[in-house]
Each structure stands twice: as C-alpha cells, then as structure tokens.
Amino acid sequence: MIYKAQRQLLRDLAVSFLAAFAVIFLVMIAVLRSLPAAVVAMLANLFPAVVVFGVMSWIRLPVQIGSVMTASAALGIAVDDTVHFLTWFRRGIQEEQEHGGALQTAVQRCAGAMTHTTVICSCGLIVFAASSFVPILHFAWLMVFLLLMALVGDLILLPSMLAGPLGRWFRK
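With the working numbering as the guide, the letters of the sequence shown map in order to residues -11 to 160.
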C-alpha cells in the first residue's frame, strides 16, 4: 500500500510539473508575443531539470518524492531569471542597440542580481543539507544544484542562444 501511494504521488508530482510547464509556456507566449521566442525561453528554463535529473539517471541515483518536488520549484526560479534577462535584452533591442550590445546590456544588468539571488537561496537551503531526515537532505542538495544550473542556463545558455540564429525571434 505504501509503494502504491508513493507511485501515485510521484505520478502526481510529474503531472504537476508538466502542468506548471504548460502554464508558464502559455504565459511566455503572451509576454513575448511570439511562439518561437517562448520556445527559446523555455529551453533555458528546462535546462536545470534536464541536466540535474539527467546526471541523477546517469549515476543511477533513484528519483524520490522530495526529488520530484524540486523540479517545479526550480522551474519557477529559472523563469524569474529568464524573464528578467529577456526584459533587459528586449529593451536593448527596442533602443536599437545591435544584437551584441543588447546582450551585453542584459548581462550587465542581470548577472549580479541573478548571482546574488542564487547564492542567497543556496545558502538558505544548504542549512537543511545537514538534516538527518533524508528527504529534506535530498531536497536541499537538489535545489542547490538546480539553482546553480538555472544560473548557468540563464547566464550562459540563454545568451548563447540569443547570440545565434535563435535570437532573431526577439527582434521587432
């Protein structure tokens, strides 16, 4: 009975993540006013979960209930940073800066705030990494890794995508 309850909870958490992704994707379409631009933005938002859970699978770490909860939380945090970055990038484009100049402005305006947010949140979570309650311990470490990967996604992957051909979807 406990096994069935755990399986159902894992399924429900996976459905919750997909629902959150779908809602955020629709909001991104509305905010960016472009389906292709929303797809590019969501790639950066999925990056942390794909990397962290991919590595977990690769090293054969089991996915537990506390693990799955982190995916939705990390998606929300990654979206916040992505929207922040894209706002400054689009402002640069609207001010008729060249593509590279708009990217440079966005990085200059956002990198410090994103890094500080990640460090502060990670420091708050790392306290729970010393817990003797294993689900809390896993949750804390996974959230720290997901936050770090979200920062990498928003400060390295997203600007790289915007600098390439995918960046054309953000022009007027």
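Every residue, glycine too, gets a C-beta built ideally from N, C-alpha and C.
These numbers come from a predicted model, not from an experiment.
| said: According to DSSP, is Q96 part of a helix, a strand, or is it coil? | reply: helix
| request: Name the residue from D68, P36 and T75 whose alpha carbon lies nearest to the alpha carbon of V56. | output: Relative to V56, the option among D68, P36 and T75 whose CA is nearest is P36.
| Are the Cβ atoms of S110 and L91 separated by less than 9 Å? | Contact flag unset, no.
| message | Between the alpha carbons of F13 and G152, how many angstroms are there, rounded? | response | When rounded, the distance between both Cα atoms is 22 Å.
| message | Does I65 pass the burial test, meaning 16 or more other C-beta atoms within 10 Å, or should it be called exposed? | response | Under this definition I65 is a buried residue.
| request: Taking only the alpha-carbon atoms, compute the straight-line gap between V47 and W129 and give it to the nearest angstrom. | output: What sits at residue 47 in the sequence shown is Ile, not Val. Each residue's Cα considered, the two are about 15 Å apart.
| task | May I have the straight-line CA-CA distance separating A94 from T70, to the nearest angstrom? | result | Straight across, the Cα-Cα distance linking A94 with T70 is about 11 Å.
| request: Report the option in S119, F73, I114 and L113 whose CA atom is closest to the CA atom of M149. | output: F73
| By DSSP, does S119 sit in helix, in strand, or in coil? | coil
| task | Give the single residue among W76, S60 and F133 whose Cα lies nearest to the Cα of V43. | result | Answer by Cα proximity: F133.
| message | Beta-carbon within less than 8 Å of A61's beta-carbon, same chain only, minus the 5 sequence neighbours each way: which residues are those? | response | M131 and L134
| If you follow the alpha helix (DSSP H) that P153 is part of, which residue opens it and which one closes it? | Element bounds for P153: n/a, residue is neither H nor E.
| query | CA-CA distance, I115 and V107? | reply | It should be pointed out that residue 115 corresponds to Val in this sequence rather than to Ile. Cα to Cα, the separation comes out at about 13 Å.
| query | Just curious, the alpha helix (DSSP H) that P24 is in, first and last residue? | reply | L23 to W46
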